[in-house]
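Protein chains: 4
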Amino acid sequence: MSEFIHNLTQQLAQWRRMFHSYPELGFTEYLTTYRIGKMLEEWNYSLFVGKEALDSDARVGIPNTTLLTHFEQKAKEHGVEDSWLCKMTGGNTGLVATFDTGRPGKHIALRFDIDALPINESTHQSHIPASEAFNSINSRVMHACGHDGHITIGLGVAKYIYEHQSQLVGKFTFLFQPAEEGGRGALAMTKKGWLAGVDRFYAGHIGIKEMPVGTVAATVKGFLASTKLNVRYHGNASHAGINPEAGKNALLSASSAAIHLYGIPRHSAGTTRVNVGKLEAGIGRNIIPDEAFMEIEVRGETKELNNYMADHAKRIINAAAEMHDTKCEITTVGSTEKMSCSSSIINDIKNACEKSKYVKNVISETSVSGSEDASFMMNEVQKHGGQATYMLFGTKLDYPHHHPSFDFQEEVLPVAVDTFTRIIEQENTYVLNRGR
Amino acid sequence: MSEFIHNLTQQLAQWRRMFHSYPELGFTEYLTTYRIGKMLEEWNYSLFVGKEALDSDARVGIPNTTLLTHFEQKAKEHGVEDSWLCKMTGGNTGLVATFDTGRPGKHIALRFDIDALPINESTHQSHIPASEAFNSINSRVMHACGHDGHITIGLGVAKYIYEHQSQLVGKFTFLFQPAEEGGRGALAMTKKGWLAGVDRFYAGHIGIKEMPVGTVAATVKGFLASTKLNVRYHGNASHAGINPEAGKNALLSASSAAIHLYGIPRHSAGTTRVNVGKLEAGIGRNIIPDEAFMEIEVRGETKELNNYMADHAKRIINAAAEMHDTKCEITTVGSTEKMSCSSSIINDIKNACEKSKYVKNVISETSVSGSEDASFMMNEVQKHGGQATYMLFGTKLDYPHHHPSFDFQEEVLPVAVDTFTRIIEQENTYVLNRGR
Amino acid sequence: MSEFIHNLTQQLAQWRRMFHSYPELGFTEYLTTYRIGKMLEEWNYSLFVGKEALDSDARVGIPNTTLLTHFEQKAKEHGVEDSWLCKMTGGNTGLVATFDTGRPGKHIALRFDIDALPINESTHQSHIPASEAFNSINSRVMHACGHDGHITIGLGVAKYIYEHQSQLVGKFTFLFQPAEEGGRGALAMTKKGWLAGVDRFYAGHIGIKEMPVGTVAATVKGFLASTKLNVRYHGNASHAGINPEAGKNALLSASSAAIHLYGIPRHSAGTTRVNVGKLEAGIGRNIIPDEAFMEIEVRGETKELNNYMADHAKRIINAAAEMHDTKCEITTVGSTEKMSCSSSIINDIKNACEKSKYVKNVISETSVSGSEDASFMMNEVQKHGGQATYMLFGTKLDYPHHHPSFDFQEEVLPVAVDTFTRIIEQENTYVLNRGR
Amino acid sequence: MSEFIHNLTQQLAQWRRMFHSYPELGFTEYLTTYRIGKMLEEWNYSLFVGKEALDSDARVGIPNTTLLTHFEQKAKEHGVEDSWLCKMTGGNTGLVATFDTGRPGKHIALRFDIDALPINESTHQSHIPASEAFNSINSRVMHACGHDGHITIGLGVAKYIYEHQSQLVGKFTFLFQPAEEGGRGALAMTKKGWLAGVDRFYAGHIGIKEMPVGTVAATVKGFLASTKLNVRYHGNASHAGINPEAGKNALLSASSAAIHLYGIPRHSAGTTRVNVGKLEAGIGRNIIPDEAFMEIEVRGETKELNNYMADHAKRIINAAAEMHDTKCEITTVGSTEKMSCSSSIINDIKNACEKSKYVKNVISETSVSGSEDASFMMNEVQKHGGQATYMLFGTKLDYPHHHPSFDFQEEVLPVAVDTFTRIIEQENTYVLNRGR
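Chains as they are written, first to last, in full-length UniProt numbering: chain A, 1 to 436; chain B, 1 to 436; chain C, 1 to 436; chain D, 1 to 436.
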């Protein structure tokens, strides 16, 4: 396998840079999906694109039509075929690719997230994507969370299976998931049924916890269940000097909601969180504000704690409307579940990587915060008796995730591909003890 | 008439001191009503006591049973006959007394309020009621707004009519009203129908605006319409350390309500007011408070403005319950209407008092703030085409109304009686140009 | 004079359309000032441009450098000479033009405001500026308050004086004021001393109160004193899931401030107002917001009431910073004073317009709300014994002021010029009884 | 030992009932201290009473003079000698009693709290103290937390030492601590230096965690560090209708503080708590409230977390004063520290109780919430190398602690005395293997 990885290394960097230079926001990954799909097609994967891959109605946080149309149009200009666009139009991006060896063996599923972020990428020459000219050509969109790397890793693993199919058994399902940011895409893929009968589920992330290249964490704990809400208040505008009594103040509804949300009582059963991350209200100094918008999230150590927070939050948001006689709309735009990696999987990963030249160190478990919608897939697999884990792949980071100068060491790519393929080799091959 | 006043002056002080020493709170004026009634009975007035005088269901802000029973029991001990108590039991105090001369003439109504306040009277020797030993014998109850004087003035006027009945025409209705404080009693008397067909209505107050004894204001403007609300929030108690999530925080509902009430938008049509005058919540430091109580008032320059404030207030109070998942009860415990004195009456009063030795100066109009439930009666009279006014009778005040050391100059009593009786003489006599 | 107006009418519409098509925001009126100035130069006015016309340090609410540079650059491209730009650079726009007849007579000052608004003008064909192709060529800037008309009227009056100088006496001062919107420019011109020794001051507005073309209000009442504040809160960002305790929440500071600002106690001495017209805070759902921005205004019926509101507002804004451990910056970006038109001026205006064919009806006084910084000039004139008024010129309006489709009837332009010139003729001419 | 306990059982119930019938609030335990002291005096203990026992200046939450004087006077009436009162006057209650065997051995300290609560005891016949006539004779004061039992247990243990002194070694210190409720007395005793050189420290509580009589928990975990604050806001009163602008609203300061206190950010390092348990503000509906009072507590899993909460709380309380232009006073009226029982002590307790007929079951550790100021003493002992624990003694409870009907099974008293004395026997005797 070392030879496969060795030969692939340059290719991995090229793929990564291609995806990096053309980032697309969640549910607008039209060209990204197409490019992934065209390669997998060549490698004889069965493809399920867009509406075939996800339960369209289970998506949340879909961008507005203007944004969707803009990216569809651009994708078309970049050569995405109509037959593909047709399956994706309206924000139904992402794809599922399956490969069946025809031989009995485990059903292994792998998830790679493909969306980018609404961040304006740095053009500073100290930022390698800028100095080496593969930075984003899409204004105010950037792969600032490493999903360009994740796509690349998925393609590397898919190529391995294609090239080593004669030695493999069982079945493989690749989920190239849209809209991980904000926890919006995983549930829609899960609801389509892809995880039924899966024996082993693997996902992962580069970075997050700073570890050197070559270090891999086999499992993580600490991801919180979460719910993301967008809230709009609609009131009445009126002139603040002439007839203030005619106004219904949406800005005050939002302000009341914000203040009271942070006061949701602490819970004796465990960790909870709440944040109003954005508030925008009003258009001018002398007008009673008639519109307000808020981005809110709640989290909990368990599903129950997250629901406790979400229920309180919704009641408070509604009460804040009544407080100022406005109307409110609450939209759930994302969610994640609590995630528990299967600890039984740890030794398997350690064994698989024992002889790797790329993986220097496998840590059993690391602790992170934050939230991940792969949790929906993992919980589905575990519910049906399968095992699932979420790994971290070490890389030095000069800037944190979601920063305009975020970048990672491309050396992490072969490490991750090696980890996934060694696991696959160990779990789903009938040619043991090949020299590596 | 000067002789009548002259002879009565000492009697007025005696009456005032008797009433002062036995103050009763609104709707508990059992002994007060009885004492007034017994005198009027002697003077051949037709009496309507308690439930005969007011629409019992239209009362608001009735004290609790413990308090009612306490004062009924005390009244009994002080000799109030059972036949009287029977008409008043349960907080139906006050009386209406009518005198019909049998001769055609105007129907004149006069209103005198009779209740005291929950204030502990000063026992300092610089306080004349204390040093001259007529201060309150009822602990924590005090005539601190001069209604002891008002009762006295009413009796003086009633005695005048009795003694001068041969010279008078028309009909007279005296309303000795309970529970003026908090705006609780006037509406109940008004709804009983006493003001139908009234041609002239007179009420008044001693003090308020500081003017010297001998100065009378013929009309006042500036009284605001008002609504008084009591609010109770009911939540759930829980241990603040052990399980804060189980609490439903009534203290926070009350706090949210308070803060938002003051933010009711100012109104372009005129003056509005709001106040939370009292807030009591919680029983101990480590318990999530499950009960809260608030005393609230709103005011408006017009009925519409007052309703605007009351409507907003009620919505906010309810929203504050929803905000913290508590229940709330809103009770209207009092109200007043906007009052507009009939300006046509000013010259009549000036003329009537022109030759008085007691009334030195009649001011056409003065401006006050605050609220008065005589407004209900005045509006009723004016609605039917009658004329109404609310006068002020000057007296020096060392301490403001509602102060534990409030007192007034007893010299104001003959001035007020002289004013009322001269008006009556002018309006309702057939013996003109008597020497005075 | 009718002939002068008649001949000028078409010219007025042309001027108006030129100014309409190139609107500039307050303190960026580089081309506007230049165009006005070049005409006045031809008519032998003495010019004081930019820093010569205003006290630069007394300006408030100056746009940021990017915006200033952008408009200066555009002005240059449109041919504004360097010698002019030099006097205006850095947001010192506007000009004062004086004309001295050399003959003894009154000193008359006239003020015309010249700035536009940050509004994107409608391109709908029902909008006359669009269908007749004189709509704004500056994106997101629009003359939506009629100041294009005001400039035009000022030029018309200036031309009249130039052409009739042989018949006139006294002295004339034209203040073409920048940045009236937000109350930012008048004080800076006033402080330069232009109003010292002025006998008569005239300003005015088209529209505001809907009256037909031909109706003029000689005075207005009801403008409130006002103060406009911008507030920025600076806190600390932190991840809302990982370490919420490290955040200092600027969004909550702004929300607390907003809620408490509306609760500034009503004042018994008169009308007060407060509004938070805009609030923007936070950048993403899962980040504790570290920045917040608010646009606030307070108003009062008098200077004292306005100060009462502003003092309370500032204290509350600071307290809201301390409440959440953030820092705040308060910037005063505009203000207006209470304005009282000199009522003695009413009959003069009525007399002057009596024989006009354009002015059909002069109303003595009308009542408006809102605020105007011409108040600074008027108060200065009145303080030194002069008389001042603010007139309204009727025009039908299909959309209110500040609306993207705002437009007015150009027929109001000759009406306004006729009003001003007839006043001038009446006040400052030595050839009486000319046939008109 | 069983015989000692057997013979003492009836006496324990008598003592308990005597103390139950005369409860005294924290820092007013004049008669309680005297009664304890007089018994210990008989048993040859060295006594340190009142100011001798505690650092007077380190007390917090001292009652007002009226209350202190009331209880001192009552104590005098009940026979407390002047020499004793003199040492205790002004709220310096409690005592320390030491017994030195003169033989080398461990220094064992035991703490028993002696104060009662401001609760009106039930007089219902289903409440055993009422039906068996030993309920509180002090109106609105009640032993509702079992400290009457604690005193009794302490006396039982003291008597054991007195009677078995010939078999014992080392030194014994009994701390009969005042004002445990609210965490007010322990620090003052600790600061007097009693814990220096203590090898073993034992404290405990009956009930808390419901366990049957005979079950003992050797250690507890979960007590939070805490700080208790009283807050007073002082503003200005004014008439809410006449001049609301003249008021400075203390009720609103308290309300703002309450709402914002619950919003102190959750802390990633562990459990935190906050509660406003009581709020009282304002005196009348139509007066802007000038006074407000709040009882507040914060808690944290560690000292640092508790300090984090207390620091934020104080800043918020001050900001709420500034918000409404009031003044505030913050008084720390109690505190507790985090408590960690020495786990090494568990087996010692289990061994000591192995053969007891009274102690049926020793649980190693139980988990509770709440806070205890014995933590100050325990931390002091552990800081100097000693070991300390806090035990729980099971009893069935029909009503929770602090309830007007709280009562416990008196059978728990001999269980607790047996536990303490067996530990003492095991640790500090030279006569081993006595038959029991």
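Note that beta-carbon positions come from the ideal geometry of N, C-alpha and C, so glycine has one too.
Only residues of its own chain outside the window of five on either side were considered, and among them Q387 have a CB closer than 8 Å to the CB of B:S344, listed in chain order. C:R232 has a beta carbon lying at 8 Å or more from every beta carbon in chain B.
Excluding residues up to 5 positions away in sequence, R59, G61, I62, P63, L68, G91, N92, T93, D115, P178, A179, R184, G185 lie with their Cβ nearer than 8 Å to the Cβ of D:F27 in the same chain.
Using beta-carbon distances, B:R299 counts as an interface residue toward chain D, with a partner under 8 Å.
In the DSSP annotation of this structure, the continuous segment of the beta strand (DSSP E) that includes B:R232 starts and ends at 225-234. For the segment 325-343 of chain B, residues whose beta-carbon sits nearer than 9 Å to a beta-carbon of chain A comprise D325.
Secondary structure remark: continuous beta strand (DSSP E) runs of at least 3 residues inside the segment 335-396 of chain A, in chain order: 361-367, 387-393.
Here B:E427 carries a helix assignment [DSSP, helix/strand/coil]. The three-state secondary structure of C:G300, taken from DSSP, is strand. For C:R200, the uninterrupted beta strand (DSSP E) run begins and ends at 200-206, by DSSP. For the segment 342-362 of chain B, the beta-carbon criterion of a distance under 7 Å to any beta-carbon of chain A is satisfied by none of its residues.
Remark: C-beta atoms of B:M377 and B:R111 approach each other more closely than 8 Å. With a threshold of 8 Å between beta carbons, C:I208 makes no contact with chain A. By DSSP's assignment, D:F406 forms no beta bridge with any residue.
Within the DSSP bridge table, the entry for B:S46 names B:T98 as partners. Secondary structure of A:T66 (DSSP, three-state): helix.
Taking C-beta separations shorter than 6 Å and ignoring five residues to either side along the sequence, the partners of C:I206 in its chain run G146, G149, F393, T395, F408, V412, following chain order. The beta carbon of D:L168 sits closer than 7 Å to those of T101, I161, N428, T429, all from its chain and outside the five residues before and after it, given in chain order. Looking at the DSSP output, B:F112 shares a beta bridge with B:F176. Among the residues facing chain B, D:A258 is included, as its CB has a counterpart in that chain under 8 Å away.
Here the alpha carbons of D:H107 and D:K171 stand approximately 5 Å from one another. Per DSSP, reduced to three states, the secondary structure at B:L25 is strand. When rounded, the separation of the alpha-carbon atoms in D:L305 and D:A269 is 8 Å. Contacts with chain B at 8 Å (Cβ-Cβ) include C:Y262. Annotation for D:G149: the continuous alpha helix (DSSP H) segment containing it runs 147-163. Between the alpha carbons of D:A133 and D:L12 lies a distance of about 17 Å. Taking the CA atoms as reference points, B:E329 sits about 5 Å from B:R232. When 8 Å is used as the limit between beta carbons, B:S268 is near these residues of chain A: I242, N243, P244, E245, in chain order. Among the CB atoms of chain B, none fall inside 8 Å of the CB of C:R315. In this structure, the beta-carbon distance from D:K76 to D:G50 does not fall below 8 Å. Residue-level contact by beta carbon fails for C:E380 and chain A, as no gap is shorter than 8 Å.
Excluding residues up to 5 positions away in sequence, P23, L25, V141, M142, H143, A144, C145, E181, H402 lie with their Cβ nearer than 8 Å to the Cβ of D:L117 in the same chain. C:I288 is positioned such that its CB atom lies closer than 8 Å to that of C:A240. Counting C-beta pairs with one atom in each stretch, the segment 216-235 of chain B and the segment 251-258 of chain A have fewer than three that are closer than 8 Å, which means they do not touch. Chain D places a beta carbon closer than 8 Å to that of C:P265, counting this residue as a contact. For C:L279, no alpha helix (DSSP H) encloses it; the enclosing beta strand (DSSP E) starts and ends at 272-281.
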